[in-house]
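This report concerns only the one structure given below.
Chains as they are written, first to last, in the numbering used here: chain H, 1 to 634; chain S, 1001 to 1634; chain U, 2001 to 2634.
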């Protein structure tokens, strides 16, 4: 049983100190419990090198804690001050065009720069020593939104040197690297690791194996950077360690970073994401303009619950219009409440609105808060208070089992970015399509990493787009007695980004081989005998396994052995939903198939129904208004 | 009363000297009065450093003047010769990606380079000394089309140094700058002005206050550059000083440059602008393909009449197809005549066609002239002669009063570029939409700068999209007894690009506050109770003022106190016209609402009617053919 | 009479040596005759500078030759190994943005780098000495796909130095260069050749004469580079010399390169080209998704037959999906056969599939071969064997005369890239439109270079878009008694990219002048009296010649003297076909006008009919299936 709680992000350094106490009281009165602070404050903590000014932070924590709030303290390493450049002129990240990513916003550091890493260790140590045992500081956040603004990849000299070392460690000899990457092709062989460069600015595409190695390296650098902070904090505090992942960021392996932390949190901007970061039809975007995509939040909740090994927060929750998406409309009244309850239904322990008061200055001045810049209540304040009151009745959460599992794998995202083969082949798009299809059923979904060894809890497993199927997962599938739908484009590669020979997917006991793959331009589809369609991608299957579904012209679309299916294409949305529905029925599950734009999530004790549509919907004896949440005991 | 006259642009250096006299005679015979020369001739005036060759220019001026033509002499500073780079290798402007903007076309100088500025002072002094008292030189042009080809902003080291100085002067202390920009946000604080960089190549968007300061600085550098020339010329000549602004360029404050000059001229390429630089539907672009947008020229005439404090020229008038737009069709027969008369009706003293003879070589070889490259008459020559004959009957112009005023503010254009908040929020687009709406009435319009203190001449005032409403303007509005329509997005910011607190617009006596703003993607609109619609932008209003118009769902769309209105959104074209029409009626004006694609402009003595459509239109007892001009005494 | 033969591309260095012999036997069994090897193997021939390892190549050639195969040996200069950069750090090509084009793929050398050219001479000499007299090596290929990946143009220092020399040789004096380019315009005059820069990164467009000179220079550098290899090979072998041009590459003059070689071959990827490199409507692209454009292959066969002065090969033939186009579907069954027969019908002596076995690694791992990565047969293997069997019955080819000629000129492509005047004016698009129109007739077409002196073999000649009409061609046209259709945009420029004065086209005996040109945006057209339409481009004609066709509003659309026509616009596809049909009839030809998507090509002995459509078509008493080939003796 976990307690549910609300919180908020606050920047005492932005406001006169005489305002802090009133703010803190008002937060508490609103029903907020947590307050995150400090993650961008380095220039105030250390205005000049070595000139430490922690006194104001002491007082801020005291003030907030004194009002009964629990503090999440952020390390300020996402925003090195300007003087850092004088000490480390080459610490800036470098973009793929070779331009340094200059000071003047945030996240301008290169993860591979040794001098900056030392500076981070220093400031984190100072903070940990001072606040590690502070009773008000009940959680820590490392850095802020790793990878946001495309900051995982850096093409700096520091990154190049580190990449050479990384390759030397991974491959041990340059001959082994040449063989692993197939560098005999086009005479790309190296004589020494010192000849290795980063895979940018090549004449035509670089070797995808080179790209994938660089992506793995870049992810590892984030893990290393975060671990350095986590190790220091662990030595000084028993409070849980958290990072606030940015939704829709795939450039590093969140499971790997999460392994060093206690809780996974993410920053949820449903309307910003729909405008900026989701592929969807104009009609879909218009329908959900003020609600956000109805599955995007749930997907991330389920993903980060896995990253956090069961412990999930929303560290930043959109409360109103934001500033950074191409278009920034206001949420429908009720959405700031709906989003919070949806997070709780998916297991979140805390949901913190970003931010307390809208800052009238700088980059995010048009980003709404719970308060307006003039301290009047913004619309979301009342909704937050309403959620807080609801939490008095439903303070606890326990997870309900999920009958459906979906495999999510960061390396596959990198692989298909390195080698899309079809211009619109996007791993996230594919996995999210599978998630949408599964969620239409109304049944709970768990997201699992690719190294999952035990599938026995699940009735249905989906694994689209996996670059490789690990031996661990193959073993799990071999013993799995539910329904598994693998593919398309799953298990066809070696871990070093070559085509697997013998040809994949090589699923346990399934005599099915992909002999040829095709990518399909928009408007082209492969018709199936059932009236369904594949789009984007189609594979030619051969082998002796049972053909569970044919194309219109008689070729295999799905082959299977018992419950283990391999699917040769990317179904369009309706087809994907039908496929999952069929699997669920085969697995003995009873899909709920809620009407309209309702979405469902069960906890151990309650069924939550969310209406993402702009009209009321009748369901289960209740009329759920637009942006409405309905729950009932199970 | 001002004389109206025609002219032409001529390049004696492009043609054999023995052709000059015949050209001059033919110009005079065509009825041309003015001839502009010299503005790109530096490499012929000074082929090597210090090697001055003014003799040919002496003879060219004598020849042209001898034929009765009046010369506009241009300073050649827009085209520094190649040897200048040997003297000042770092004089090149630098683009936002950090690339030097190389020699090989024009305008390759950085406004902030001190060495180049000295070179300009030197050559202008030499020209002024030699020709300042020449009786044929009756006007001077400084440089050519400041800002054309995106040349206002430069990211060079010279610009960076000058920007630091500019900031030091403006803010006096770095603490003041940090506070003004809100640099505490994301730890962007500076310790000294020497740490300041230009706002390019940042990881994510730079601080909009930083951007706005850089835009202001960049504009000031243009002013400074132009002033340096104006001061020298003033000391040597009594002839009027002119700059030829390029239409649709907003990157520097034309009012500020114009304050140092006597006449504002602009370069009018109606068909090129429609193809390249105006937002419009494909249908609109197809309908006006060979005429140009029917309001674009009038807008610029009215704008530059304000910039010139009443004195307006068209220095370059498109005579046929140009070379530089994406597509370059020929004008409808008659348009070269219509455009000239339209300019005169709006107060132009002179209209000069660009250029006399089409050059068969180099970048603009496909740019039509009055003559073809083989010296035969191009279609526009006869139209120019026809205008010249018409000017015999209507040689004078006196302005008629304009009942409608529209505020135009360059800083607001920079502000919304720095912080669009909606991807399609464009200041020019908004103001031009207001201008179109007003011009549908057929009534005269004046354009006014944002610091206007006296509105008493006007019945209707429009002020959309003003970043700030100055105290001057507020005072004028407080005493204004006509109808004013302010907003959307007007008066919500401080001059340093923060949100104003208390929230704006803070209009005199109007209890109306913008509590929240929304940007709307294409296809989304806010319906009003009258069937009208807002697009792009919508603001939530609150306060006790009268609601003059509601949205369909009952929220305020316009609030007012007497004649002072604040409008919460961006009306679509039809709605905007209806709003202005309603205001005009309230103000006691009688809109003319001409049919079809007719446009109207009154002078003190005559009403001019222009048919921009491709079909004839009956109006006021006359049939006005396509591309036709009709005038009648008032 | 020429023998027809099949072949394949093979990379012994990619496979274990113990697999070579079996591969060779299987090739021979499939009916393949030729095998191309070696063109990317430099890092295996010389793993470190001077460390030569030719033994494996000796054995590979022996093995292949021993199985009865004839070897085409490629020089490996398209893929300099990594160590070359240590010797020549500045040998990399530089892109227009100034970025070096880094190691990590292929073609990273600058054609102008003297050190790299010497390295190429060295390795080619070594190969020529060793294998020039090898009886199995029966042809040589120089480098690989010059210009592929936009590698003709380089903006390096080496290129700049070479361009200065090239200009000095061409113009002799800088004054002559200034005059030729019209550099007086915008003060662009140079004092010495050392001041010349490459035409990139200018503020606005550079002088098109400057661009054209740079394009000519760049083409000449390719010719020089290739000639250096050809001269060495000639000294050591009697085998024919070949280069494999990449289809749709226009950046250098293939006629000029071809003049130093014996056979022109090209690399034919019909489905990749349709996806990536042809302008066509979505419907067209969807219809031919799995066949490729029905005219693109024929066009290139006819072009390269001219480049090879009658000797044509396809060095690389697509056998299945490729990896490099935006979308990569599989060919319809039968297409790998159809494409080969179509090449033979157009005179190809050999067609080599690329490649033998799909490589499971590196950039092209998703590129199909005749074998799958697991050595099983891919679909194209059986089709290749089927073609081989067919060749037993039809082993010889003799060209049939072509009644229609189309002029193709690389310099014109460069000219209109430098000065499109209309954003969608593309030389290839225009010439290909003319080719399509002519091919609708079903009659044979020859493609001719612009310097053609003898047209007497032809009944119909087409020459659209020629920058200049050379004196040679004018003389040929003067004596031509067939039907010639010149224009649009032909003969209006001088060779130095100025407008010709007197105005063009100046065709012999044709009193017709282009007085003005217009470019037309999409959706705009000029209607002709016959219901046809011009799109993209329209010229105003004047003169006393007969008007053969009018526009709807009575202006000349085509003027003529006897059979010599000048056409004022770019006809849409249907209009172009009607124009060519009309000309053919006038010339006494009988167009075949085959139905559906059939295409026809006659040899001296047989008529070949190809069905590019996805449905069967009845023709000439036979039903030709989708992707079917039908031939009958003439």
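Cβ coordinates follow ideal geometry from the N, Cα and C atoms, glycine included.
* Counting along the chain, where does the alpha helix (DSSP H) carrying residue 2215/U start and finish? -> Residue 2215/U sits at position 215 when you count from the first residue of the third chain. That run of the alpha helix (DSSP H) goes 2208 to 2234.
* Asked: Do residue 1313/S and residue 1263/S come within 8 Å of each other at the CB atom, strictly closer than that value?
  -> Looking up residue 1263/S in the second chain gives position 263. Looking up residue 1313/S in the second chain gives position 313. The answer is yes: Cβ separation under 8 Å.
* Asked: How is residue 566/H classed by DSSP in three states: helix, strand or coil?
  -> Position 566 of the first chain holds residue 566/H. Residue 566/H falls in the strand class under three-state DSSP.
* To do: Find the residues of chain S that neighbour residue 320/H, judging by a C-beta separation of less than 8 Å, and give them in chain order.
  => On the first chain, residue 320/H is found 320 positions in, with the first residue counted as 1. Near residue 320/H (Cβ distances below 8 Å), the residues of chain S are 1516.
* Should residue 603/H go down as buried or exposed, given a rule of 16 or more other Cβ atoms within 10 Å for buried? -> Numbered from its first residue, the first chain carries residue 603/H at position 603. Residue 603/H comes out buried.
* C-beta atoms of residue 146/H and residue 210/H nearer than 8 Å -> The residue given as residue 146/H occupies position 146 in the first chain. The residue given as residue 210/H occupies position 210 in the first chain. No, the Cβ-Cβ distance between residue 146/H and residue 210/H is not below 8 Å.
* Asked: Straight-line CA distance for residue 1057/S to residue 1045/S?
  -> Within the second chain, the letter at position 57 stands for residue 1057/S. Within the second chain, the letter at position 45 stands for residue 1045/S. Approximately 8 Å, taken between the alpha carbons.
* For the region 1312 to 1342 of chain S, enumerate the residues whose C-beta is nearer than 9 Å to any C-beta of chain U, in chain order. => For the region 1312 to 1342 of chain S, the residues whose beta carbon sits under 9 Å from a beta carbon of chain U are, in order, 1320, 1321, 1323, 1324, 1325, 1326, 1327, 1328, 1329, 1330.
* Rounded to a whole number of angstroms, what is the C-alpha to C-alpha distance between residue 1465/S and residue 1497/S? -> Here residue 1465/S refers to the residue found at position 465 when the second chain is read from its first residue. Here residue 1497/S refers to the residue found at position 497 when the second chain is read from its first residue. Computed Cα separation, rounded: 14 Å.
* In angstroms with no decimal places, state the Cα-to-Cα distance between residue 366/H and residue 1187/S. => In the first chain, the residue the question calls residue 366/H occupies position 366. In the second chain, the residue the question calls residue 1187/S occupies position 187. Each residue's Cα considered, the two are about 19 Å apart.
* To do: Identify the contact partners of residue 1980/U in chain H, using a Cβ-Cβ distance below 7 Å as the criterion.
  => No answer is possible for residue 1980/U: it lies beyond the span of chain U, which begins at 2001 and ends at 2634.
* Asked: At what residues does the beta strand (DSSP E) containing residue 1138/S begin and finish?
  -> Counting from 1 along the second chain, the entry for residue 1138/S is found at position 138. Counting along the chain, the beta strand (DSSP E) containing residue 1138/S begins and ends at 1137 to 1141.
* To do: Scan the region 2188 to 2200 of chain U for residues whose Cβ lies nearer than 8 Å to a Cβ of chain S and list them as they occur along the chain.
  => 2188, 2189, 2190, 2191, 2195, 2197, 2199, 2200
* To do: Tell me, please, whether the CB atom of residue 117/H is closer than 8 Å to any CB atom in chain S?
  => Counting from 1 along the first chain, the entry for residue 117/H is found at position 117. Cβ-Cβ to chain S under 8 Å: no for residue 117/H.
* Asked: Which value, in whole angstroms, describes the spacing of the CA atoms of residue 686/H and residue 2382/U?
  -> No answer is possible for residue 686/H: the residues shown for chain H start at 1 and end at 634.
* Check distances from the C-beta atoms of the region 2134 to 2154 of chain U to those of chain H and list, in chain order, the residues that come in under 7 Å. => 2149, 2151
* To do: Compute the distance between the beta-carbons of residue 2041/U and residue 2017/U, then report whether it is under 8 Å.
  => In the third chain, residue 2041/U corresponds to position 41, counting from 1. In the third chain, residue 2017/U corresponds to position 17, counting from 1. Taking 8 Å as the Cβ cut-off, residue 2041/U and residue 2017/U do not qualify as a contacting pair.
* **Bridge-paired residues (DSSP) for residue 1297/S** => In the second chain, residue 1297/S corresponds to position 297, counting from 1. BP columns for residue 1297/S are empty, so no partner.
* Take residue 21/H and list the residues in its own chain whose beta-carbon comes closer than 7 Å to its own, dropping the five residues that flank it on each side. => Translated into positions along the first chain, residue 21/H becomes position 21. The beta carbon of residue 21/H lies closer than 7 Å to those of 63 in the same chain, with the five residues before and after it left out.
* **Within-8 Å CB hit, residue 2499/U to chain S** => As a first step, residue 2499/U must be located in the third chain, where it is residue number 499. Yes, its Cβ sits closer than 8 Å to a Cβ of chain S.
* CB contact flag (residue 1967/U, residue 2612/U, <8 Å) -> For chain U, the structure presents residues 2001 to 2634; residue 1967/U sits outside this window and is missing.
* Just to confirm, are residue 2194/U and residue 2219/U a CB contact at a threshold of 8 Å? -> Translated into positions along the third chain, residue 2194/U becomes position 194. Translated into positions along the third chain, residue 2219/U becomes position 219. No. Outside cutoff.
* Would you identify the three-state DSSP class for residue 1435/S, choosing helix, strand or coil? => Residue numbering aside, residue 1435/S sits at position 435 when the second chain is read from its first letter. Note: residue 1435/S maps to helix in three-state DSSP.
* To do: If I'm right that residue 2290/U touches residue 2319/U with Cβ under 8 Å, what's the distance once you round it to whole angstroms?
  => Mapped onto the third chain, residue 2290/U falls at position 290. Mapped onto the third chain, residue 2319/U falls at position 319. Not a contact, Cβ separation roughly 13 Å.
* Asked: Anyone know if the C-beta pair for residue 1031/S and residue 1388/S falls short of 8 Å?
  -> Walking along the second chain from the start, residue 1031/S turns up at place 31. Walking along the second chain from the start, residue 1388/S turns up at place 388. In contact: residue 1031/S and residue 1388/S (Cβ atoms closer than 8 Å).
* Asked: For a contact meaning CB atoms closer than 7 Å, what does residue 2421/U contact in chain S?
  -> Translated into positions along the third chain, residue 2421/U becomes position 421. Neighbours of residue 2421/U on chain S, chain order: 1323, 1328, 1366.
* Asked: If we cut at 8 Å on Cβ distances, does residue 113/H have a partner in chain S?
  -> Stepping through the first chain from its first residue, residue 113/H is reached at position 113. No, its Cβ sits nowhere closer than 8 Å to a Cβ of chain S.
* Determine the chain H residues that contact residue 2289/U at a beta-carbon separation under 9 Å, and present them in chain order. => By one-based count along the third chain, residue 2289/U stands at place 289. Residues of chain H passing the Cβ test: 520, 521, 524.
* To do: Find out if the Cβ-Cβ distance for the pair residue 1003/S, residue 1395/S is shorter than 8 Å.
  => The residue you call residue 1003/S lines up with position 3 of the second chain. The residue you call residue 1395/S lines up with position 395 of the second chain. Closer than 8 Å, so yes.
* Beta-carbon gap between residue 74/H and residue 37/H smaller than 8 Å -> On the first chain, position 74 is the one that residue 74/H refers to. On the first chain, position 37 is the one that residue 37/H refers to. Yes, they are a contact pair.
* Asked: From the DSSP output, which residues share a beta bridge with residue 1483/S?
  -> Against the second chain, residue 1483/S aligns to sequence position 483. Its beta-bridge partners are 1460/S.
* Work out the CA separation of residue 1457/S and residue 1533/S for me, nearest whole Å. => Counted from its first residue, the second chain places residue 1533/S at position 533. Counted from its first residue, the second chain places residue 1457/S at position 457. Approximately 31 Å between the Cα atoms of the pair.
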